[in-house]
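Engineer: Attaching a single structure in structure tokens format; questions to follow.
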Amino acid sequence: MMGSNARNDRRFLAFGLMAVAFAWTWGPSATRLRAAEPGGAAATQETSPQYPRVTLSTWYAVDPSWPERPENMPWGLTPGVAVDAEDQVWIFTRAYPPVQVYTAEGKFVKAWGSDLIAETPKGIPSHGIEIDGRGHVWLADAGNHVVLECSPEGKLLRTLGTPGEPGEDENHFFRPTDMAITPDGQVFVSDGYGNARVVHFDARGRFVKAWGKLGTGPGEFNLVHAIALDSQGRLYVADRNNARVQVFDQNGTFLDQWQNLLVPWGFWVTANDEIWVCGSSPMPWREEDAVLGCPPKDQLFMKFDTNGRVLQVWTVPKGVDGEEKPGELNWVHGIALDSQGNIYATDIVGQRAQKFVRQK
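The opening residue of the sequence shown carries number -13 in this note's numbering; numbering runs sequentially from there.
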């Protein structure tokens, strides 16, 4: 028995030494000894390689000091943002004055619109904002069922729709959300919360056609939330509660759909036709609030090419209601980029606009 115990002790000792040697040899930062080959040179030392740190993706850092907002410039729920040809940032908020303009560096420029956007029982109904090729400012007044064309100084130039009257004919909208304007002045309106269609007007504001109905098939919509144009004239429509982007030509012919990637809320198309979309990941329908449909959880920015290929995904932390920190978003709603690739984002619950500076 004594001999057997001794042999077992030696066997356990050998196994223990082997385990220690293995752990030391293959540890994450270990220096390893390579045994000499029979008839070869003596053993040599081999060191694990030091892998370089590589940043392959562009990333963005929030500028917590942007903008330098005057005390008399309040922000409410903030759905809309656009950048003009001079890199001025136009904010469309649900407070008075609703249109506020800042430089890319954050300096206040001007504000207007208190006499244009009438308050409704549900509040100030600001939604989408766009700047056309002439520098005219277009506003989607969802609660008053109109789209407004204004000068850069806030003079009303044209009204599409009938103020205060919802409808579904060529003279009415039902809570329009956004608009896209071609270089020759044609207007496409996403209409919107009450209707499920895109409406086309010529450069003189005359009705051309409308397409779409409530549904899930190609060319059908479930909350038409935003619309944008690329340089080739293709239209991108945020079919929000169907969790997809639909693509059309200007005659309303269905071309493509990008589905099951995100719940799209807003667009920005760059000069080289990169399609930026802000939104949140798809999630189950929330029956108790059918208008919201898919409540935002994580906050997403996605960049696509015109064929729907994903070029970049960036997830931004979601803030806690009333406790949002710089760099967090809470119901992201609008997105715009300046000529340097910096991102401006607006959110609803967070009630603010933020600048995210491009780092690479």
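Even for Gly, the Cβ is constructed at its ideal location relative to N, Cα and C.
Report back the beta-carbon spacing between Gly140 and Val85 to the nearest angstrom; my notes put them in contact at under 8 Å.
Structural biologist: If you number the sequence shown from 1, residue 140 lands on position 154. If you number the sequence shown from 1, residue 85 lands on position 99. Going by Cβ atoms, the distance from Gly140 to Val85 rounds to 7 Å, so yes, they are a contact pair.
Engineer: Determine the DSSP secondary structure at Arg226, reduced to helix, strand or coil.
Structural biologist: Numbered from 1 along the sequence shown, position 240 holds the residue referred to as residue 226. Reduced to three states, the DSSP call for Arg226 is helix.
Engineer: Counting only C-beta atoms, is Gly205 closer than 7 Å to chain B at any point?
Structural biologist: The structure shown contains no chain B; it is built from a single protein chain.
Engineer: Around the Cβ of Thr64, are there at least 16 other Cβ atoms within 10 angstroms (buried) or fewer (exposed)?
Structural biologist: Within the sequence shown, numbered from 1, the residue matching residue 64 stands at position 78. It is buried - the Cβ of Thr64 has at least 16 other Cβ atoms within 10 Å.
Engineer: Starting from Tyr179, trace the beta strand (DSSP E) both ways and give me its first and last residue.
Structural biologist: Here the question's residue 179 lines up with position 193 in the sequence shown. Counting along the chain, Tyr179 falls outside any beta strand (DSSP E), and DSSP gives it neither H nor E.
Engineer: Leaving out five residues on either side along the sequence, give the residues of the same chain with a beta carbon under 8 Å from the beta carbon of Leu241.
Structural biologist: Against the sequence shown, residue 241 aligns to sequence position 255. The answer, listed in chain order, is Arg220, Val233, Phe234 and Asp235.
Engineer: Could you check whether Ala322 and Trp254 sit closer than 7 Å to each other, using their CB atoms as the reference points?
Structural biologist: Working through the sequence shown from its first residue, we reach residue 254 at position 268. Working through the sequence shown from its first residue, we reach residue 322 at position 336. Contact flag set, yes.
Engineer: Indicate the three-state DSSP secondary structure (helix, strand or coil) for Ile329 in the structure shown.
Structural biologist: On the sequence shown, residue 329 is found 343 positions in, with the first residue counted as 1. Correct three-state label for Ile329: strand.
Engineer: Between Gly66, Ser34 and Thr89, which lies nearest to Ser51 when the distance is taken from Cα to Cα?
Structural biologist: Sequence index remark: in the sequence shown, residue 51 carries index 65 (1-based). Ranking the options by Cα distance to Ser51, first place goes to Thr89.
Engineer: Starting from Leu356, follow its DSSP beta bridges and name the residues at the other end.
Structural biologist: Nothing can be reported for residue 356, as the shown portion of the chain is limited to -13 through 346.
Engineer: Once the 5 residues before and after Phe193 are set aside, which same chain residues still bring their CB inside 7 Å of it?
Structural biologist: Along the sequence shown, one-based indexing puts residue 193 at 207. So the list reads Glu156 and Phe187, once near-sequence residues are dropped.
Engineer: Let me check understanding here. Comparing Cα to Cα, which of Ser112, Ser325 and Ala212 lies closest to Ala128?
Structural biologist: Stepping through the sequence shown from its first residue, residue 128 is reached at position 142. When only C-alpha atoms are compared, the closest one is Ser112.
Engineer: Would you kindly work out how many angstroms separate the C-alpha atoms of Val75 and Gly109, rounded to a whole number?
Structural biologist: To locate residue 75, count along the sequence shown from 1; it is residue 89. To locate residue 109, count along the sequence shown from 1; it is residue 123. Approximately 24 Å between the Cα atoms of the pair.
Engineer: Taking DSSP as the reference, what is the three-state secondary structure of Met165?
Structural biologist: Taking the sequence shown and counting its residues from 1, one reaches residue 165 at position 179. In the structure shown, Met165 sits in a strand (DSSP, three-state: E or B).
Engineer: Taking just the CA atoms, how far does Phe290 sit from Ala104?
Structural biologist: Against the sequence shown, residue 104 aligns to sequence position 118. Against the sequence shown, residue 290 aligns to sequence position 304. For Ala104 and Phe290, the distance between alpha carbons rounds to 36 Å.
Engineer: Considering only DSSP beta bridges, list what Ile321 is partnered with.
Structural biologist: On the sequence shown, residue 321 is found 335 positions in, with the first residue counted as 1. The partner list for Ile321 (beta bridge, DSSP) reads Ala331.
Engineer: Grouping DSSP H, G and I as helix and E and B as strand, with all else coil, what is Ala189?
Structural biologist: For the purposes of this step, residue 189 is identified with residue 203 of the sequence shown, where counting begins at 1. Ala189: coil per DSSP, three-state reduction.
Engineer: Around the C-beta of Pro107, are 16 or more other C-beta atoms found within 10 angstroms, so that it is buried, or is it exposed?
Structural biologist: Residue mapping note: residue 107 aligns to position 121 of the sequence shown, counting from 1. Under this definition Pro107 is an exposed residue.
Engineer: Is the beta carbon of Ala166 closer than 7 Å to that of Ala229?
Structural biologist: Taking the sequence shown and counting its residues from 1, the one referred to as residue 229 is at position 243. Taking the sequence shown and counting its residues from 1, the one referred to as residue 166 is at position 180. No, they are not a contact pair.
Engineer: Using the C-alpha atoms, what's the distance from His122 back to Pro138?
Structural biologist: Reading the sequence shown from its first residue, position 152 is the one you call residue 138. Reading the sequence shown from its first residue, position 136 is the one you call residue 122. Rounded to whole angstroms, Pro138 to His122 spans 6 Å at the Cα level.
Engineer: With a threshold of 16 other CB atoms inside 10 Å of the CB of Arg338, please say whether the residue is buried or exposed.
Structural biologist: Mapped onto the sequence shown, residue 338 falls at position 352. Counting Cβ neighbours within 10 Å, Arg338 comes out buried, since at least 16 surround it.
Engineer: Between Gln218, Ser266 and Gln285, which lies nearest to Glu260 when the distance is taken from Cα to Cα?
Structural biologist: Translated into positions along the sequence shown, residue 260 becomes position 274. Here the closest residue by C-alpha is Gln218.
Engineer: Might you give, ordered along the chain, the residues of its own chain that have their beta carbon closer than 6 Å to the beta carbon of Glu23, omitting 5 neighbours on each side?
Structural biologist: Residue 23 sits at position 37 when you count from the first residue of the sequence shown. Only weak support is given to the placement of Glu23: the predicted model assigns it a pLDDT of 48, under 50, and the value that follows is read from those uncertain coordinates. Correct list: empty, nothing qualifies.
Engineer: For Phe160 and Asn130, which I take to be in contact (beta-carbon distance under 8 Å), what is that distance rounded to the nearest angstrom?
Structural biologist: In the sequence shown, counting from the first residue as 1, residue 160 sits at position 174. In the sequence shown, counting from the first residue as 1, residue 130 sits at position 144. Not a contact, Cβ separation roughly 11 Å.
Engineer: By Cβ distance, which residues of its chain are closer than 6 Å to Val299, with the 5 residues on each side in sequence left out?
Structural biologist: Position 313 of the sequence shown holds residue 299. So the list reads Met288, once near-sequence residues are dropped.
Engineer: What are the boundary residues of the beta strand (DSSP E) that includes Ala128?
Structural biologist: For the purposes of this step, residue 128 is identified with residue 142 of the sequence shown, where counting begins at 1. Segment: none, Ala128 is in no beta strand (DSSP E) and carries neither H nor E.
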